[in-house]
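Report on the following structure.
In the numbering used here, the protein residues as written are 7 to 230.
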């Protein structure tokens, strides 16, 4: 399945459940220019604008960006620092080389279920980040409790990749497919990042999923 096509035409409320971690604020000063990947309707960008940051957000879904731009029009007249939004694909970003100080991926990589696209997206991240720029990733990790173990094993027959699974309506195994997601191991994240970035830290967290389940997670801060 092409995950980009799925999200481009996603017509539900964008699933958001991962908060910005304190590490983000410790590492990212207000003078840095931030790019927000898969920004949806602008939740994180709006939060950061209120907190004094300038943020550019992109999303593959035109409806999400239309909503985000409505917020930008309203709040850019209130705040000195600005937000702006663009329809774009993380595989081919419409930004010049070394355009941003920080690339924020907040529960973004979990949506990339096409294996080959993961490295391509990180290569594009390296391109648009300035030398010394920060890649901040907050995402879901493999969670081998009875609930997720069953989903991993069952959905493997369909997805073809262990720990890539199908999120269904109301969490019902027979429900309509909403989207697919991937849960990473720490080793998997390191193997993706090391060819392109210096990994400064990886810390474990526990996040809440779209359906309210507790899920292992990681905060990763890497540098170009």
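Built from N, CA and C at the ideal position, the CB exists for glycine as well.
Comparing alpha-carbon positions, the option among 69, 84 and 206 lying closest to residue 58 turns out to be 84. In terms of Cα proximity to residue 90, the closest of 26, 177 and 63 is 63. At least 8 Å separates the beta-carbon of residue 66 from that of residue 108. Residue 161 and residue 80 have their alpha carbons spaced roughly 43 Å apart. In the DSSP assignment, residue 165 falls within the unbroken alpha helix (DSSP H) covering 152 to 165. Linking residue 222 to residue 154 through their CA atoms gives a straight-line distance of about 11 Å. Separation of the CB atoms of residue 213 and residue 229 is rounded to 24 Å, and the pair is thereby denied contact status at 8 Å.
For the pair residue 171 and residue 157, the CB atoms are nearer than the 8 Å cut-off. In the DSSP assignment, residue 88 falls outside any beta strand (DSSP E), carrying neither H nor E. Shown here for residue 217: same chain residues with a beta carbon closer than 6 Å to its own, the five before and five after excluded, namely 177 in chain order. Per DSSP, the continuous beta strand (DSSP E) segment holding residue 141 begins and ends at 135 to 146.
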